[in-house]
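**Q**
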């Protein structure tokens, strides 16, 4: 499409109308959702969530990770501590009991039994292999082998001693243990380069004996002052992302002990748009694997619109607030998600509405189209995001691909195979986990933990990467009694895992050099090691790709790392009743670069690019968070202003010579 045609078609769509895509709690039920009878005896105990996510931040203040699917966290005072520090997201773990028929008895708390928690955290990035692209995409985007990072440490002994940041195994139990933090008995500490201390967070418990995993501060550094030379692989550098197993032993009052089915926790980067989930989540990716492997049945027919369909449309609609590629999509696709009544029309399963549904369905990228013309045919489909195969021009995988399950749900929706449960009073009343039916709480915890995480493109990704769509990563792969989503736990004596000079798909799946396969049972540090080093370089290098033939601009992960945002100063002008209506709409419809003043441009090459990703290592906590804000309520509110706006807030100055913002049309004195 020519630029002038695009502009002509899109201008009329810029004034957003009322959005109905509100957060709506919904739980993907387990295959067995029957509660146990009263008085049932615990036969098995499990830790939830099966995979938990903590998020780094430099502040001492913190908030709990989400525990109800569809409901984002709401930290008191927001996600930042002032404008220079980010609050930590803390993952809380619980233990649930099940009877001998695998029915839910309930949560076990410290008043009912003694819970002894054990956690082992490590960062092993510097001892791992470099990243070029995912190894598992086959002929459409063949995997490129990665070399070992920091090759000047040759043998495993020196790599273990210098490159592995091992926080060790920590144990904790009781109520409110280490309540205020700081007790060294519960703090994870390791060293890099053999002598530089690196903290990896700490453990606490709450008033019911639940486990709280506090992340580290998000620090990165280089003892050798090595320059940044790569978006993902920088020798001589460390960061403090970490991960590892979470285990527990429950001792009942009668002395009986049960070892809980274990969990895993990863401490990763912040989510800078925490109220807007990615269009495909990490939960979607793993659930797609569960269904394809037969570990979990597919959703029953007819589908639930609220649970199986609505989240995808809501995420697509809210991308308007994060990237111009989405906000201007009506310039090349005949759809406006912000139109009044659009969500309600999507929820209509009637035959009379089928033509509308099929039209909307045709706008989403088809992962089944892998033919020679797929690159062109699917390019401008929803979402206009890059995918795993960006290394291969013309590959259909150059564009983001939906997991089969998520796309098939949309296909069933188009055919009318769903029920309209968009407005469900039972679910609408849910505000906390206690409001969720007991038998659905365990599954809800895992879904809520993974729902905010990016499900692609994996290059390598935001929090974690493509290996989580591979079956050998999970306990269920070799144990038919294991619950889906639970990682296989390994028992390697050392955390270093050298499988040869190069990491290939074959070695990832089969191992090498006497070491077990990396895609298999996991040890501390194994999940986060595949990610960029240091984390800020990868996170902020992948904003958008400015190529000559691309208009609009394709983006990477706007739901976690925004691209184009409505800044707080513009929002203030929208709220001004003294401004003319057209002026207020101009501010509403204008965007600025989220990374303005810091990041460079380009794919991984342009001149200012290196300065940008280097700056982000120190400036990342100054970045703003995109959050919901109310619309103006004055009588002169312009027509077309939505009821809720998503606004960048809490951004600090990136240029230290200036420290002011325009207000009411006045320059600073």
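Residue numbers (our numbering): 230 to 898. Quick reminder that beta carbons are idealized off the backbone N, C-alpha and C, glycines included. This structure is a prediction, so every number in the text was calculated from the model and none was measured.
(1) Which value, in whole angstroms, describes the spacing of the CA atoms of residue 757 and residue 375?
(2) Starting from residue 471, follow the beta strand (DSSP E) in both directions and report where the run begins and ends.
(3) Looking only at its chain, what residues have a beta carbon closer than 6 Å to the beta carbon of residue 343, apart from the 5 residues adjacent to it on each side?
(4) Could you tell me the alpha carbon to alpha carbon distance between residue 294 and residue 601, rounded to whole angstroms?
(5) Buried or exposed: residue 853, going by 16 or more other Cβ atoms within 10 Å of its Cβ?
(6) Between which two residues does the alpha helix (DSSP H) carrying residue 553 extend?
(7) Could you tell me if residue 658 is buried or exposed, where buried requires 16 or more neighbouring beta carbons within 10 angstroms of its beta carbon?
(8) Below 7 Å CB to CB, which residues in the same chain sit around residue 422 once its five sequence neighbours on both sides are set aside?
(9) Going by C-alpha distance, which of 352, 336 and 288 is nearest residue 665?
(10) Based on DSSP bridge pairs, tell me the residues matched to residue 292.
(11) Are residue 346 and residue 282 close, meaning C-beta to C-beta below 8 Å?
(12) Which of the three DSSP states is assigned to residue 790 in this structure?
(13) Measure the CB-CB distance between residue 394 and residue 434 and report whether it falls below 8 Å.
(14) Residue range of the alpha helix (DSSP H) that residue 654 falls in?
(15) Is it buried or exposed for residue 663, if we count other Cβ within 10 angstroms and need 16 for buried?
(16) Quick one: measure Cβ to Cβ for residue 326 and residue 438, integer angstroms, because I've assumed they're closer than 8 Å.
(17) Skipping 5 residues on each side, what residues in its chain have a beta carbon closer than 6 Å to that of residue 488?
(18) Go to residue 352, then tell me how far its beta strand (DSSP E) extends in each direction, as first and last residue.
(19) Whether or not the segment 606–614 and the segment 637–654 are in contact is what I'm after, with contact meaning three or more pairs of Cβ atoms, one per stretch, closer than 8 Å; do they touch?
(20) Kindly indicate which residue of 669, 589 and 445 has the alpha-carbon position closest to the one of residue 499.
(21) Please check the pair residue 448 and residue 468, which I expect to be a contact at CB under 8 Å, by giving their CB distance rounded to whole angstroms.
(22) What is the residue span of the alpha helix (DSSP H) that residue 857 lies within?
(23) How long is the line joining the alpha carbons of residue 565 and residue 739, rounded to whole angstroms?
(24) Please give me, in chain order, every unbroken run of the alpha helix (DSSP H) with length at least 4 that falls completely inside the segment 576–601.
(25) Answer with buried or exposed for residue 286, where buried requires no fewer than 16 other C-beta atoms within 10 angstroms of its C-beta.
(26) Smallest Cα separation from residue 595: which of 585, 584, 613 and 581?
(27) Have a look at 379, 350 and 288 and flag the residue whose alpha-carbon is nearest the alpha-carbon of residue 309.
(28) Which of the three DSSP states is assigned to residue 443 in this structure?
(29) What is the C-beta distance between residue 687 and residue 363, in whole angstroms, given that I count them as a contact (C-beta under 8 Å)?
(30) Can you check DSSP and say which residues form a bridge with residue 395?
(31) Would you please state the rounded distance, in angstroms, between the beta carbons of residue 511 and residue 684? I believe it to be under 8 Å.
(32) Give the straight-line distance between the Cα atoms of residue 865 and residue 803, rounded to the nearest whole angstrom.
(33) Do you know offhand how far residue 881's Cα is from residue 313's?
(34) Taking the CB atoms as reference points, tell me whether residue 674 and residue 332 lie closer together than 8 Å.
(35) Rounded to the nearest angstrom, how far is the Cβ of residue 534 from that of residue 649, given a contact under 8 Å?
(36) Pick helix, strand or coil for residue 671, following the three-state DSSP scheme.
**A** Let me lay it out:
(1) Looking up residue 757 in the chain shown gives position 528. Looking up residue 375 in the chain shown gives position 146. Near 16 Å, if we compare the C-alpha coordinates of residue 375 and residue 757.
(2) In the chain shown, counting from the first residue as 1, residue 471 sits at position 242. Counted as a single uninterrupted DSSP element, the beta strand (DSSP E) harbouring residue 471 occupies residues 471–480.
(3) Here residue 343 refers to the residue found at position 114 of the chain shown. Closer than 6 Å at Cβ, skipping near neighbours: 480.
(4) Numbered from its first residue, the chain shown carries residue 294 at position 65. Numbered from its first residue, the chain shown carries residue 601 at position 372. Distance from the CA of residue 294 to the CA of residue 601, rounded to the nearest whole angstrom, comes to 43 Å.
(5) Against the chain shown, residue 853 aligns to sequence position 624. So residue 853 counts as buried.
(6) Against the chain shown, residue 553 aligns to sequence position 324. Element bounds for residue 553: 553–556.
(7) Taking the first residue of the chain shown as position 1, residue 658 is located at position 429. Within a 10 Å sphere around the beta-carbon of residue 658 sit fewer than 16 other beta-carbons, which makes this residue exposed.
(8) Taking the first residue of the chain shown as 1, we reach residue 422 at position 193. Here the set comprises 391 and 452.
(9) One-based indexing of the chain shown puts residue 665 at position 436. If we check each option's Cα against that of residue 665, 336 comes out closest.
(10) Indexing the chain shown from 1 puts residue 292 at position 63. Per DSSP, 318.
(11) Here the question's residue 346 lines up with position 117 in the chain shown. Here the question's residue 282 lines up with position 53 in the chain shown. Cβ distance not < 8 Å, so residue 346 and residue 282 don't count as in contact.
(12) To locate residue 790, count along the chain shown from 1; it is residue 561. Reduced to three states, the DSSP call for residue 790 is coil.
(13) Counted from its first residue, the chain shown places residue 394 at position 165. Counted from its first residue, the chain shown places residue 434 at position 205. No. Outside cutoff.
(14) Working through the chain shown from its first residue, we reach residue 654 at position 425. Residues 654–657.
(15) Here residue 663 refers to the residue found at position 434 of the chain shown. With fewer than 16 Cβ atoms within 10 Å of its Cβ, residue 663 is classed as exposed.
(16) In the chain shown, counting from the first residue as 1, residue 326 sits at position 97. In the chain shown, counting from the first residue as 1, residue 438 sits at position 209. The distance from the Cβ of residue 326 to that of residue 438 is about 14 Å, inconsistent with a contact at the 8 Å cut-off.
(17) As a first step, residue 488 is located in the chain shown; it is residue number 259 there, counting from the start. Taken in chain order, the residues that qualify are 478.
(18) Position 123 of the chain shown, counted from the start, is the residue given in the question as residue 352. Where residue 352 is concerned, the enclosing beta strand (DSSP E) stretches over 343–352.
(19) No: fewer than three Cβ pairs fall under 8 Å.
(20) In the chain shown, counting from the first residue as 1, residue 499 sits at position 270. Measuring from the Cα of residue 499, the nearest candidate turns out to be 445.
(21) Within the chain shown, residue 448 is the residue found at index 219, counting from 1. Within the chain shown, residue 468 is the residue found at index 239, counting from 1. With 8 Å as the limit, residue 448 and residue 468 qualify as a contact, their Cβ atoms being about 7 Å apart.
(22) The sequence position of residue 857 within the chain shown is 628, counting from 1. Boundaries around residue 857 are those of the beta strand (DSSP E), 854–859, since no alpha helix (DSSP H) includes it.
(23) As a first step, residue 565 must be located in the chain shown, where it is residue number 336. As a first step, residue 739 must be located in the chain shown, where it is residue number 510. Their backbone Cα atoms lie some 48 Å apart in a straight line.
(24) Complete alpha helix (DSSP H) runs here, min 4: 583–590.
(25) Position 57 of the chain shown holds residue 286. Label assigned to residue 286: buried.
(26) Along the chain shown, one-based indexing puts residue 595 at 366. The candidate whose alpha carbon is nearest that of residue 595 is 613.
(27) Locating residue 309 in the chain shown gives position 80, where the first residue counts as 1. Ranking the options by Cα distance to residue 309, first place goes to 288.
(28) Locating residue 443 in the chain shown gives position 214, where the first residue counts as 1. Strand.
(29) The sequence position of residue 687 within the chain shown is 458, counting from 1. The sequence position of residue 363 within the chain shown is 134, counting from 1. About 5 Å; that satisfies the 8 Å criterion.
(30) Counting from 1 along the chain shown, the entry for residue 395 is found at position 166. Bridge partners of residue 395: 351.
(31) Counting from one through the chain shown, the residue named residue 511 turns up at place 282. Counting from one through the chain shown, the residue named residue 684 turns up at place 455. Between the beta-carbon of residue 511 and that of residue 684 there is about 5 Å, and that keeps the pair under the 8 Å contact cut.
(32) Translated into positions along the chain shown, residue 865 becomes position 636. Translated into positions along the chain shown, residue 803 becomes position 574. Residue 865 and residue 803 have their C-alpha atoms spaced approximately 11 Å apart.
(33) Counting from 1 along the chain shown, the entry for residue 881 is found at position 652. Counting from 1 along the chain shown, the entry for residue 313 is found at position 84. In this model, residue 881 and residue 313 are separated by some 6 Å (Cα to Cα).
(34) Position 445 of the chain shown, counted from the first residue, corresponds to residue 674. Position 103 of the chain shown, counted from the first residue, corresponds to residue 332. No, the pair does not count as a contact, with Cβ atoms beyond the cut-off.
(35) Indexing the chain shown from 1 puts residue 534 at position 305. Indexing the chain shown from 1 puts residue 649 at position 420. Between residue 649 and residue 534 the Cβ distance is about 6 Å, and since that is below 8 Å, they are a contact.
(36) Against the chain shown, residue 671 aligns to sequence position 442. Residue state, collapsed to three classes: helix.
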